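Trainee: Protein sequence lines, in the order shown, are assigned to chains A and B. Heads up: the first sequence at position 110 corresponds to 110 in the numbering used here, and the numbers run straight through without jumps. Heads up: the second sequence at position 27 corresponds to 27 in the numbering used here, and the numbers run straight through without jumps. Just so it is clear, CB atoms sit at the ideal spot from N, CA and C, and this is done for glycine as well. If you're wondering where the values come from, they're calculated on a predicted model, not measured in any experiment.
There are 2 protein chains.
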Amino acid sequence: MASAPTRGEGPSPALVFDTLFAYQRTAALRTAIELDVFRAIGEGAADAASIARRCAASERGIRILCDFLTVQGLLVKEGTTYRHSETSALFLDPRSPACVASTARFLGNPMVQEPFDHLADVVRSGRTVLAGEGSVEPENPAWVEFAHSMAPMMAPMAAPLGVIALDGTQGPISVLDIAAGHGLFGIEVAKQNPEARILAVDWASVLEVARANAARAGVADRYQTRPGSAFDVDLGGPHDLALLTNFLHHFDAPTCVRLLERVRAALAPGGRVATLEFVPNEDRVSPPMAAAFGLTMLATTVGGDAYTFRELAAMYQAAGFADVAPHAVPHGPHTVVVGRVR
Amino acid sequence: MASAPTRGEGPSPALVFDTLFAYQRTAALRTAIELDVFRAIGEGAADAASIARRCAASERGIRILCDFLTVQGLLVKEGTTYRHSETSALFLDPRSPACVASTARFLGNPMVQEPFDHLADVVRSGRTVLAGEGSVEPENPAWVEFAHSMAPMMAPMAAPLGVIALDGTQGPISVLDIAAGHGLFGIEVAKQNPEARILAVDWASVLEVARANAARAGVADRYQTRPGSAFDVDLGGPHDLALLTNFLHHFDAPTCVRLLERVRAALAPGGRVATLEFVPNEDRVSPPMAAAFGLTMLATTVGGDAYTFRELAAMYQAAGFADVAPHAVPHGPHTVVVGRVR
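1. Once DSSP output is grouped into helix, strand and coil, what is the label at residue 96 of chain A?
2. Apply the 10 Å Cβ neighbour rule to residue 70 of chain A and answer buried if 16 or more other Cβ atoms are within range, or exposed otherwise.
3. Whole angstroms are fine: how far does the CA of residue 339 of chain A sit from the CA of residue 138 of chain A?
4. So, are the CB atoms of residue 184 of chain A and residue 213 of chain A less than 9 Å apart?
5. Listing by chain order, which chain B residues have their CB less than 8 Å from the CB of residue 146 of chain A?
6. Would you identify the three-state DSSP class for residue 296 of chain B, choosing helix, strand or coil?
7. My guess is that residue 402 of chain B and residue 42 of chain B are in contact by the Cβ rule of under 8 Å, so how many angstroms apart are they, rounded?
8. Within a Cβ cutoff of 7 Å, which residues of the same chain sit near residue 99 of chain A, ignoring the five residues on either side of it in sequence?
9. The beta strand (DSSP E) with residue 241 of chain B in it runs from where to where?
10. What three-state label does DSSP hand residue 224 of chain A in the structure shown?
11. Which ranges does the beta strand (DSSP E) cover as unbroken runs of at least 3 residues, wholly within the stretch 112-200 of chain A, from first to last along the chain?
12. Would you say residue 58 of chain A faces chain B, with C-beta separation under 9 Å as the test?
13. Looking at the C-beta of residue 21 of chain A, does it have a partner C-beta in chain B at a distance below 9 Å?
14. Report yes or no: is there a C-beta of chain A within less than 9 Å of the C-beta of residue 129 of chain B?
15. Comparing C-alpha positions only, which one of B/295, B/223, B/333 sits nearest to residue 32 of chain A?
16. Is residue 332 of chain A buried or exposed, if buried means 16 or more other CB atoms sit within 10 Å of its CB?
17. Out of A/231, A/190, A/164, point me to the one whose CA is closest to residue 224 of chain A's CA.
18. Among the residues of its own chain, which have a CB less than 6 Å from the CB of residue 1 of chain B, if the five just before and after it don't count?
19. Measure the alpha-carbon distance for residue 261 of chain A versus residue 319 of chain A and round it to whole angstroms.
20. Give a yes or no on whether 9 Å exceeds the smallest Cβ distance from residue 150 of chain A to chain B.
21. Just to confirm the assignment, what range does the alpha helix (DSSP H) spanning residue 318 of chain B have?
22. Looking only at its chain, what residues have a beta carbon closer than 7 Å to the beta carbon of residue 217 of chain A, apart from the 5 residues adjacent to it on each side?
23. I want to verify the contact list: residues of chain A whose CB lies under 7 Å from the CB of residue 70 of chain B, in sequence order.
24. At the level of alpha carbons, what is the spacing between residue 343 of chain B and residue 130 of chain B?
25. For residue 177 of chain B, which option in B/145, B/239, B/312 has the closest C-alpha, if you only look at C-alpha atoms?
26. Can you round the beta-carbon distance between residue 115 of chain B and residue 300 of chain B to whole angstroms, since I take them to be within the 8 Å contact cut?
27. Counting pairs of Cβ atoms below 8 Å between the stretch 320-328 of chain B and the stretch 143-157 of chain B, do you hit three or more?
28. Any chance you could list the beta strand (DSSP E) runs of at least 3 consecutive residues sitting entirely within the stretch 258-288 of chain A, in chain order?
29. In chain B, which residues lie with their C-beta within 7 Å of the C-beta of residue 54 of chain A?
30. Residue 68 of chain A: which of A/56, A/48, A/55, A/54 sits nearest, CA to CA?
31. For residue 254 of chain B, go through chain A and note every residue whose CB falls closer than 7 Å to its CB, in chain order.
32. Given this structure, state the Cα-to-Cα distance separating residue 282 of chain A from residue 336 of chain A, to the nearest angstrom.
33. Looking at chain B, is there any beta carbon in it that lies within less than 9 Å of the beta carbon of residue 117 of chain A?
34. Of all the beta strand (DSSP E) runs that stay within the bounds of the stretch 26-102 of chain B, which reach a length of 3 or more residues?
35. For a test of the three-state rule: what should DSSP assign to residue 229 of chain B, helix, strand or coil?
36. Please classify residue 80 of chain B as buried or exposed, where buried requires at least 16 neighbouring CB atoms within 10 angstroms.
Structure representation (structure tokens):
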């Protein structure tokens, strides 16, 4: 995970210091996004003075920031000029369709980040320092930020999720999209199956974002919304398919089972449920991104986790689903777990 | 610098997300140090329940924290038990003489860290958001913390620095140790040359730490201190050697030259000055740790930097030093730059 910044061989505390300084990497990237450095470089500003002018910043500040970003592999430096790395050109320049820079807003949201300033208290107590139910407290405005800013992170997962979830199903179907957020997953299913009708559930303020995205995708006429908590609201149905994306990880296992039972009750016989989750291996320490995600759930929830497939399968089975199977999403750290009403 | 947490080939935003989440690595390591997790594991606690008991923490919190540390390479997991990695055994277990865990205190000190919460403002203005002269404001209590907690990071550099700085000089010599901090460097010179006498300069509160360390090393009878600013206080002399460790990077080049002129005036003819610094290559983006250090100086000082050898040599020459030469410190990211009174 770390650079090897020391000379010579043998044991070195480099990983320790790399870790103690790692917060600076986050701060530097957020700052560059906030100051629009990647747009300036993409539009041709090359030396520190030119980038500084475009970003209304100091030359000293930009030079040191861009050098730091170069060390991190987020820019390339030649002489005294900077240009995009492959990563920054594709994923940080706002002119790129794959740009994920907006995700810095949600990932730097106080709800996500502040508990890490009190992580020792979190580990002592075993639950978030956030009040009430933590990140899933009703109407938490962070989820509007999520819906607005996280779509670019999730967009590459939408098409594979749709293929896995639909599994070739054609014709008119009803699809329940729990905790729809930006709505991308339900919208993708509606695009892949032109006779699918979507019912999206989330907080009212979040559903505004999803509806706007559905309209932009041209599926508004098959896109309905139902505001409220997935634990309380009438889920309608019977549906043929339920999407449960990036949601179960916020809750402890009994709560997940309770939610899955509600979902099953809203599905037609033979109906299917598909999650999208960070699913670590059974060792819980690999692969890195899925395994590391557990810490975010420790910090921001009361009882959530990054569940292994065995744990998810047990929840599915306890809630009355069978044929539970994992499907790795290509080119991403996510896994889709599908089950069928028993 | 980053893990590759995605499956499959081709461009991936993994580095971007790794960077946006990097602050969690710092929080996790600081938390484990604060809760004494590495001591508990070193003393034999192996599963999450046992570690939690010893650390007065929750089992859920410890399990997720230790899994995260394992992902980072800071622990090893076998089944459901944890043990030290080579790194944590040597550098994080408080029972190891090479333990550097205390450095988390200075590196997490508000003076060092808070400016990174306002890094966009820093880059805009080109200087720290800290008041006055930033980290070098007179009597800043952070330097007492530095003196107490950073010695383990600097200890491995002391012996090589002493060898380079003394360059075989035997017999009675007078050594000026500017910004002595923990005092380790002057103390090491006193140990290598039993006739060397040290005059250590720093804030009064910091010199208490240095004097205690000198007494512990058995060199108190050859160790004198002079409280005050290196820019104002009488530096005594004439000295044969001046140590200027981890200090020049806090100031802009004209200020460094002014200080070096004061140091030269306190040296005997033929006297030598030796700095210890993070010295990046002339490209300013390698090696990683030395180059990345510039951002800390941007964030915490008015005009400091991680200077290249060419820049340091120019300062030395402007202040009247000749024969300026760099000496890489083995097994560390630091460089000693030596000059001789012209």
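Mentor: Short version:
1. Position 96 of the first sequence, counted from the start, is the residue given in the question as residue 96 of chain A. Of the three classes helix, strand and coil, the one that applies to residue 96 of chain A here is coil, per DSSP.
2. Counting from one through the first sequence, the residue named residue 70 of chain A turns up at place 70. Result: buried.
3. Start at 1 with the first residue of the first sequence, and residue 138 of chain A comes out as number 138. Start at 1 with the first residue of the first sequence, and residue 339 of chain A comes out as number 339. Approximately 28 Å, taken between the alpha carbons.
4. Position 184 of the first sequence, counted from the start, is the residue given in the question as residue 184 of chain A. Position 213 of the first sequence, counted from the start, is the residue given in the question as residue 213 of chain A. Cβ distance < 9 Å, so residue 184 of chain A and residue 213 of chain A count as in contact.
5. Stepping through the first sequence from its first residue, residue 146 of chain A is reached at position 146. Neighbours of residue 146 of chain A on chain B: none; closest Cβ ~14 Å, over 8 Å.
6. As a first step, residue 296 of chain B must be located in the second sequence, where it is residue number 296. Three-state result, residue 296 of chain B: helix.
7. Because residue 402 of chain B is not part of the residues shown, which for chain B are 1 to 342, the question remains open.
8. Translated into the one-based positions of the first sequence, residue 99 of chain A becomes position 99. Here the set comprises 91, 92, 93, 152.
9. Locating residue 241 of chain B in the second sequence gives position 241, where the first residue counts as 1. Start and end: 239-245.
10. The count along the first sequence starts at 1 and reaches residue 224 of chain A at position 224. Of the three classes helix, strand and coil, the one that applies to residue 224 of chain A here is strand, per DSSP.
11. Those beta strand (DSSP E) runs which fall completely within the stretch 112-200 of chain A and span 3+ residues are 173-178.
12. Here the question's residue 58 of chain A lines up with position 58 in the first sequence. Chain B, which has a Cβ nearer than 9 Å to the Cβ of residue 58 of chain A, makes this yes.
13. Counted from its first residue, the first sequence places residue 21 of chain A at position 21. So yes, residue 21 of chain A belongs to the interface.
14. Against the second sequence, residue 129 of chain B aligns to sequence position 129. Under the Cβ distance rule, residue 129 of chain B does not count among the residues neighbouring chain A, no pair being separated by less than 9 Å.
15. The sequence position of residue 32 of chain A within the first sequence is 32, counting from 1. The shortest Cα separation from residue 32 of chain A among B/295, B/223, B/333 belongs to B/295.
16. For the purposes of this step, residue 332 of chain A is identified with residue 332 of the first sequence, where counting begins at 1. Residue 332 of chain A comes out buried.
17. Here residue 224 of chain A corresponds to residue number 224 of the first sequence, with the count starting at 1. Here the closest residue by C-alpha is A/190.
18. Residue numbering aside, residue 1 of chain B sits at position 1 when the second sequence is read from its first letter. Confidence at residue 1 of chain B is low in this model, with a pLDDT of 33, below 50, so its placement is unreliable and the value that follows should be read with caution. Excluding positions up to five away in sequence, the list is empty.
19. Reading the first sequence from its first residue, position 261 is the one you call residue 261 of chain A. Reading the first sequence from its first residue, position 319 is the one you call residue 319 of chain A. Looking at the two C-alpha atoms, the distance is approximately 5 Å.
20. The count along the first sequence starts at 1 and reaches residue 150 of chain A at position 150. Output row for residue 150 of chain A: interface = no.
21. By one-based count along the second sequence, residue 318 of chain B stands at place 318. Counting along the chain, the alpha helix (DSSP H) containing residue 318 of chain B begins and ends at 309-318.
22. Numbered from 1 along the first sequence, position 217 holds the residue referred to as residue 217 of chain A. Excluding sequence neighbours, residue 217 of chain A sits near 187, 191.
23. If you number the second sequence from 1, residue 70 of chain B lands on position 70. Contacts between residue 70 of chain B and chain A, judged by CB atoms closer than 7 Å, involve 285 in chain order.
24. Examination of residue 343 of chain B is not possible in this model, given that chain B is present from 1 through 342 alone.
25. As a working note, residue 177 of chain B is residue 177 in the second sequence. Between residue 177 of chain B and the set B/145, B/239, B/312, the nearest pair of CA atoms involves B/239.
26. As a working mapping, residue 115 of chain B is identified with position 115 in the second sequence. As a working mapping, residue 300 of chain B is identified with position 300 in the second sequence. Their Cβ separation, rounded to whole angstroms, is 6 Å, which keeps residue 115 of chain B and residue 300 of chain B in contact under 8 Å.
27. no
28. 267-277
29. On the first sequence, residue 54 of chain A is found 54 positions in, with the first residue counted as 1. Here the premise fails: no neighbours, minimum Cβ distance about 13 Å.
30. Here residue 68 of chain A refers to the residue found at position 68 of the first sequence. Nearest C-alpha to residue 68 of chain A: A/48.
31. By one-based count along the second sequence, residue 254 of chain B stands at place 254. In chain order: nothing, as chain A lies at least about 14 Å away.
32. As a working note, residue 282 of chain A is residue 282 in the first sequence. As a working note, residue 336 of chain A is residue 336 in the first sequence. Near 16 Å, if we compare the C-alpha coordinates of residue 336 of chain A and residue 282 of chain A.
33. Here the question's residue 117 of chain A lines up with position 117 in the first sequence. Yes, because at least one Cβ of chain B sits closer than 9 Å to the Cβ of residue 117 of chain A.
34. The qualifying runs are 75-78, 81-84.
35. Locating residue 229 of chain B in the second sequence gives position 229, counting from the first residue. In the structure shown, residue 229 of chain B sits in coil (DSSP, three-state: anything other than H, G, I, E or B).
36. Taking the first residue of the second sequence as position 1, residue 80 of chain B is located at position 80. Flag for residue 80 of chain B reads exposed.
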